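Take any residue in the sequence shown, count from 1 to its spot, add 1: that is its number in this note's numbering. Notes follow the structure.
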Amino acid sequence: MGFDKAKVLRAAEKYLAQGKITAAIAEYLQIVENDADDFMALNVLGDLYARAKQDGEAVACFTRIAEHYREQGFSLKAVAMYKKVERLQPGSADIASQLAALYESQGLLVEARAQYMIVAESYSRAGQTSKMLEVLRRVADLDPDNMEIRRRLAEGYARANFHTEAAESYTKVGDLLLARGQYENALGPYSLTLNLFPFDHAALTGTLSAHIALGTPQEAADVLEQAVAEQPADVELLSMLARAHTEAGDVSAAERSTAALIHRDKEKYPRFVDVARLHLKGGNTDAAVRIMGSIVQQMLTGREDEQVIDLLREALAREPEHINALRMLVHVHRWKRDEEQLRLALERLAEAAQHAHLVDEERNAVAQLARLVPDNQYYFDRLNALGDTPVDALYADESIFKPSGQEIPSFENFAPSSSAQTDDATQSMADAPSGEFAEFEWNSVTAEPEVEAAVDKPQDPAASFADLNADFDGETISPATAHSPQAAQGPSSGFQEIEFDSVSTQTPAINLAPEQPVTTTASAPKHEALLLQELESVDFYLTQGYADIAQETLSMLERQFRAHPAIEERRALLATATPSSGGTAGTEETTAPIVEA
Numbered sequence: 002m003g004f005d006k007a008k009v010l011r012a013a014e015k016y017l018a019q020g021k022i023t024a025a026i027a028e029y030l031q032i033v034e035n036d037a038d039d040f041m042a043l044n045v046l047g048d049l050y051a052r053a054k055q056d057g058e059a060v061a062c063f064t065r066i067a068e069h070y071r072e073q074g075f076s077l078k079a080v081a082m083y084k085k086v087e088r089l090q091p092g093s094a095d096i097a098s099q100l101a102a103l104y105e106s107q108g109l110l111v112e113a114r115a116q117y118m119i120v121a122e123s124y125s126r127a128g129q130t131s132k133m134l135e136v137l138r139r140v141a142d143l144d145p146d147n148m149e150i151r152r153r154l155a156e157g158y159a160r161a162n163f164h165t166e167a168a169e170s171y172t173k174v175g176d177l178l179l180a181r182g183q184y185e186n187a188l189g190p191y192s193l194t195l196n197l198f199p200f201d202h203a204a205l206t207g208t209l210s211a212h213i214a215l216g217t218p219q220e221a222a223d224v225l226e227q228a229v230a231e232q233p234a235d236v237e238l239l240s241m242l243a244r245a246h247t248e249a250g251d252v253s254a255a256e257r258s259t260a261a262l263i264h265r266d267k268e269k270y271p272r273f274v275d276v277a278r279l280h281l282k283g284g285n286t287d288a289a290v291r292i293m294g295s296i297v298q299q300m301l302t303g304r305e306d307e308q309v310i311d312l313l314r315e316a317l318a319r320e321p322e323h324i325n326a327l328r329m330l331v332h333v334h335r336w337k338r339d340e341e342q343l344r345l346a347l348e349r350l351a352e353a354a355q356h357a358h359l360v361d362e363e364r365n366a367v368a369q370l371a372r373l374v375p376d377n378q379y380y381f382d383r384l385n386a387l388g389d390t391p392v393d394a395l396y397a398d399e400s401i402f403k404p405s406g407q408e409i410p411s412f413e414n415f416a417p418s419s420s421a422q423t424d425d426a427t428q429s430m431a432d433a434p435s436g437e438f439a440e441f442e443w444n445s446v447t448a449e450p451e452v453e454a455a456v457d458k459p460q461d462p463a464a465s466f467a468d469l470n471a472d473f474d475g476e477t478i479s480p481a482t483a484h485s486p487q488a489a490q491g492p493s494s495g496f497q498e499i500e501f502d503s504v505s506t507q508t509p510a511i512n513l514a515p516e517q518p519v520t521t522t523a524s525a526p527k528h529e530a531l532l533l534q535e536l537e538s539v540d541f542y543l544t545q546g547y548a549d550i551a552q553e554t555l556s557m558l559e560r561q562f563r564a565h566p567a568i569e570e571r572r573a574l575l576a577t578a579t580p581s582s583g584g585t586a587g588t589e590e591t592t593a594p595i596v597e598a
């Protein structure tokens, strides 16, 4: 004889009406055993088990339904079932883990984080440190700006002797504090990282940035000097040390450490610009021009001529008749083949040389002016007055821009040749009487720099950056921008520099709510169908009297699908319904709702 489901269902309803819960459970068991896909009957059976205080059996029923909905992709229905299990087993790590994954898949990050924290606390109480740290790492990934989670994660890693992970987490805590403008507090986490790894670049960079913001860069320099003493070949450490000395205003130390940096990595030559500016700030124009003379050819080859000109203008604003600065300015404009600016620079040089009674210097400048502007009789008259120059030779068919065999200076002329010479680099340059400006000396009017050869085929690959997408302290100069003055500007500070003027002191708010879906015309029918499908679960909860679960489900649907008339209709029904405890409370005398077959 076949199974008569309708008859069994009527019997179950009769027992429920009489308050015979145990008998009703037996009838619903028959239905579930004979129709495994009747999840509505399975849900009622779970409720009856809960009313009979048989929590284990109730949890088994609800979990089976939740897993079915999860596998079918009905996340909201699965969440509702797991919430019923959670009421029977509060604080369950397994259920919280399932809920967290479902919330995360829906983009409900706040809810997901709360459930993950339940899991972490459970593992912590059980002494399962590795699992707890794994969950905390997941929470940190969901909420990367949550400093307390990062700090707790770092402390957990440290206690478990996971030093690499602990250092990474401490550094991230320091970075968060630094971004919020809490510079003093940021030093603590960075120091904890350095206790584990004394040469950690990220922690040292953060420490340097914090000290610069606090106005104490010399303290960072002291730490970095110890690190460089133990790791002298580490270019990044040298870069940070040079920046620390520059920010501290220690010009001699800045020049020494920058020379050591460039000796290790010639591509860092723009860092000497910072040292030159530091000399200018201190009123030492001679030293600033000397420093610029050591890198001027590299900067010109690297299309950084505007930066050179700006520095020379600043130097000449302080000392308008500085001979070496004017020589360099002449050299730059000759390199650029800018006849008008070259003429102006030569006139300034000739005038300055005349005032300084440097006859040979003035004669050479005026001779070049005579060749550059042959129709200006004044230059020839002045040459006749100066004497010792065959004026007739100036009429030869020569161009002031005609290249000669003169060698273009390379950085090797200025950098120390060995690590033993690094510390003496500053003194060596200071002792050179005029060699650093040998490229600007001229003994005859035909001595010109080899412009075409330098551009097309530089003497030393390290001295030419025009054809390279060189990374100067993290700023890549691409071919498209190499010729623009903005692209040619070298960095003003060292490796991994943080501009604190642009650092926000406010932690950006995290929008943990899911993004509202944008429904296009093409996807509107599908969008509507999904909503109506999910609303079926709300109808079921309303029918069964689970007002609180229905309320939660409607709230989640509204966040996911926005306001909708169908949602408002269910809210109206919910408002008129009698509040219930979700079917898990009550007495034996309470009559269960009639379930239609």
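Note that the Cβ used here is the ideal one computed from N, Cα and C, for glycine as well. These figures come from a predicted structure and were not determined experimentally.
Whether residue i touches residue j by CB criterion (7 Å)
i	j	result
residue 12	residue 34	no
residue 289	residue 277	yes
residue 266	residue 236	yes
residue 245	residue 222	yes
residue 113	residue 104	yes
residue 286	residue 272	no
residue 78	residue 538	yes
residue 43	residue 26	no
residue 379	residue 367	no
residue 155	residue 167	yes
residue 161	residue 208	no
residue 173	residue 152	no
Of the listed residues the options, nearest to residue i (C-alpha basis)
i	options	result
residue 32	321, 18 and 14	14
residue 49	186, 23, 71 and 531	23
residue 163	194, 80 and 52	194
residue 62	207, 567, 216 and 37	37
residue 283	319, 356, 148 and 155	319
residue 136	102, 160 and 56	102
residue 281	51, 314 and 300	314
residue 89	206, 53, 231 and 178	53
residue 322	305, 350, 298 and 338	350
residue 40	64, 109 and 268	64
residue 369	183, 552, 344 and 91	344
residue 232	334, 199 and 184	199
residue 149	170, 159 and 132	170
Element boundaries [alpha helix (DSSP H), containing residue i]
i	result
residue 275	272 to 282
residue 88	76 to 89
residue 181	Here residue 181 belongs to no alpha helix (DSSP H), and DSSP marks it neither H nor E.
residue 57	56 to 73
residue 306	306 to 319
residue 140	130 to 143
residue 156	148 to 160
residue 256	252 to 265
residue 37	Where residue 37 is concerned, there is no enclosing alpha helix (DSSP H), given that its DSSP letter is neither H nor E.
residue 1	Summary: the structure shown does not reach residue 1, with the chain confined to residues 2 through 598, and so no result is reported for it.
residue 93	Neither: residue 93 is in no alpha helix (DSSP H) and is coded neither H nor E.
residue 303	That residue, residue 303, is in no alpha helix (DSSP H); it is neither H nor E in DSSP.
Simplified DSSP state of residue i, which is helix, strand or coil
i	result
residue 20	coil
residue 232	coil
residue 6	helix
residue 106	helix
residue 563	coil
residue 343	helix
residue 199	coil
residue 358	coil
residue 372	helix
residue 332	helix
residue 322	coil
residue 338	coil
residue 53	coil
residue 44	helix
residue 554	helix
residue 439	With a pLDDT of 36 at residue 439, under the threshold of 50, the modelled position of this residue cannot be trusted, and the question is left open.
Cβ distance (whole Å) where residue i is taken to contact residue j below 8 Å
i	j	result
residue 565	residue 532	6 Å
residue 327	residue 346	7 Å
residue 354	residue 324	7 Å
residue 175	residue 191	4 Å
residue 81	residue 550	5 Å
Interface flag, residue i vs chain C, CB-CB below 7 Å
i	result
residue 312	The chain inventory of the structure shown lacks chain C, comprising one protein chain alone.
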